[in-house]
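Whatever position you read off the sequence shown (first residue = 1), add 529 for our numbering.
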Amino acid sequence: MAERSTAAVDVADNGGDEPLAAKADKATNDGTAQAEETEGASPETSENPKGHDGGRARSEAVPATPDVHSGHKLAERYRLEECVTRLDGFSSWRAVDEKLRRAVGVHLLPANHSRARSVLAAARSSALLGDPRFVQVLDAVEEDDLVYVVHEWLPDATELTALLAAGPMDAHDAYQLVSQLSHAMAAAHREGLTHLRLTPGAVLRSSTGQYRIRGLAVNAALRGITSERPLRQDTEAIGALLYAALTKRWPYESDAYGLSGLPKGMGLIAPDQVRAGVHRGLSELAMRALANDGATASRQEPPCTTPDELAKAVAAMPRVLPPEPTFAAQPVYQQPVYQRTTYQQGTYGRPSTHPSSVPQPVLAAPPAPLQSRTGRVLKWSVSALLIAALGLGSWQLAEILLDQRKGSDDTGVTQPTDDEKPAPAPPKPLTIADATEFMPDGSGIQPGDVPNAIDDNSSTAWITPRYRGFAHFGNLPQRRQGSGIIVDLGKVQDVRSVEVDMYRSGQTTAVFAAGPDASSPSSSADFPQRIAEKQVAGETLKEELEKPVRTRYVLIHVTELPADGTGGYRGGINDISVLG
């Protein structure tokens, strides 16, 4: 498995199993927890995201948890620090990668465990995805009668369980949660990967507000969880997380993950009926994801049975804006109390009949004017200096006026004319009516992700598959000329600037424009006007034109992909902006 330099968080979350605090009471002196006394556990088949395992049948013998302790090293590299979970014959640890000097997480189980092969297969499949919205698997190894999976550790991320414990989320945070989770799981399902254990403990929010999903395929494999309808199960799990974010209640009768369940016997209640002030559109979205057996919430909207359908439903609703910032109240200015003077009171020149208890200050008499000979000389000197200064200033002003008149009579000086054009107005963003994938070889790459590049959301992107061996899209005959996105401005307009937010820096990219009379262009020959030369773009490709280009269609053509750090090549586009 390829190594990644980013750190991240993951432990084997217990979900509805015994809490970690209870397991900590059983810890030995070296920091590890004793193995549970159990006869075994059979592989679990679950379509129920209700926060518990539903009572597992204990029929299959489970090998003893590997006898390792704090300080044990794997592959002379990963030093185990703290055991955070010990369950069903496997254990999860916080460890240190001594080679790269960073924290990592490790799942550990014996090689003769009945789930060892499925865990290795799940970890290796998850590592090949390479999607930054998931906590990445860094290594998956079978060595010395042990099987271990190494993954990222995110020290600055917060578990969704802790966020929900603080109270319901506001509408904007809940909107970001369901949008990012549905898009991420839709991308995973397109690669054939499912989660099956998407609980509040499996979702992390980074300090930048991005959500990361941990345990993709691996958490379910560790517990032997399978499903006949995995797409629906992951969709319902996202709906349950959105429901909990809106109400701080678990949408089932049982309590789970520190959240209270719904009242028994009442069935599934819409979030806006559980708590006042819940966003109506998000409430209906949660019901569409949860109640996908048939009847859904109001408006007769169809249920969402896959994360891709849920992501499209999120994109179709009006965007939820963040709340307005609040400012501390400023002190109100108060005019000082008006007080009448002695003159206004009619006592001017006479002593007051109401003596004040506060003594009045005695003003000193002003100094006598300069009456001596020296004083008269000083006054005349100051007057002379003032007269000289006024004369000098008048002379300089007159000279300036004469120079200006002479300059206006000079025929060699170019005077401004009425034909001069004013400075052009600054570029303004143009509305993008549609976007399609550019397929010069007739083979699409990710046509379903193209809307992600024009939705003004940096957390979504059009991402290419991962290619091995060659940066030119693997040198595949049907991909050798690369790919890209064609944006449709709706009508012919003046294009002055193009800005592209790249999914990964290092992509060789060029920008072209179609002719003004082009209709539905699809090949390179349909884009004769070059906006940006082919170049190795960084995180952002921005090109400003000295002279605007008249066009309706703009092509962003990616011809070479950067290395993704795992021996392959991958790229994509986050957002496209066109200004005119």
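No residue lacks a Cβ here, since even glycine has one placed at the ideal position from N, Cα and C. None of these values were measured; they are calculated from a predicted model.
- Of all C-beta pairs linking the region 680-698 to the region 830-847, fewer than three are shorter than 8 Å, placing the two stretches out of contact.
- Cβ-Cβ distances below 6 Å link R734 to T687 and Y740 in the same chain, with the five nearest sequence neighbours on each side left out; the list follows chain order.
- Assigned with DSSP and collapsed to three states, D702 falls in helix.
- Runs of the beta strand (DSSP E) lying entirely within the region 672-757, each at least 3 residues long, are 675-680, 732-734 and 740-742 in chain order.
- By DSSP's assignment, A1061 forms a beta bridge with V1040.
- For W622, the closest of R631, K628 and C612 by C-alpha to C-alpha distance is C612.
- If you ignore the 5 residues before and after A815, its C-beta comes within less than 7 Å of the C-beta of G768, L771, Y772, L775 and P800, all in its own chain and listed in chain order.
- About 7 Å separates the CB atoms of L1074 and I1060; that is less than 8 Å, so the two are in contact.
- With the rule of 3 Cβ pairs closer than 8 Å, the region 774-794 does not count as touching the region 740-753.
- Between the region 1014-1027 and the region 996-1005 there are fewer than three C-beta pairs closer than 8 Å, too few to call the two in contact.
- Between the alpha carbons of I1105 and D984 lies a gap of roughly 9 Å.
- Of the candidates G634, F619 and G618, the residue whose Cα lies closest to the Cα of V625 is G634.
- Here the C-alpha atom of V1107 lies approximately 38 Å from the C-alpha atom of E765.
- Each of E681, S756 and Q762 was checked against the Cα of R743, and the nearest Cα belongs to E681.
- Its chain contains H1001, Q1010, G1011, T1037, T1038, A1039 and K1063 as the residues whose beta carbon lies nearer than 8 Å to that of T1088, once the 5 sequence neighbours on both sides are disregarded; these appear in chain order.
- In this structure G618 does not touch R608 by the C-beta definition: roughly 23 Å separates them, more than the 8 Å allowed.
- As the crow flies, the alpha-carbon of P854 is around 16 Å from that of M698.
- Between A716 and D660, the C-beta gap is smaller than 7 Å, which places the two residues in contact.
- No Cβ-Cβ contact shorter than 7 Å links P1045 with Y1082.
- Remark: C-beta atoms of L658 and E757 do not approach each other more closely than 7 Å.
- Annotation for Y677: L603, V635, H636, L637 and V670 place their beta carbon closer than 7 Å to its own, counting only its chain and skipping 5 residues before and after.
- Taken atom to atom, the span from the alpha-carbon of S647 to that of V1029 is near 41 Å.
- DSSP places M816 within a helical segment (H, G or I) once states are collapsed to three.
- By the C-beta density criterion, G922 is exposed, having fewer than 16 other C-beta atoms within 10 angstroms.
- In terms of Cα proximity to D963, the closest of K957, A982, D668 and T1069 is A982.
- If you check the CB distance, I974 and Y1032 do not come in under 7 Å.
- By DSSP's assignment, I1102 forms a beta bridge with W991 and M1031.
- Collapsing the DSSP output to three states places I974 in coil.
- In the structure shown, the three-state DSSP call for W779 is coil.
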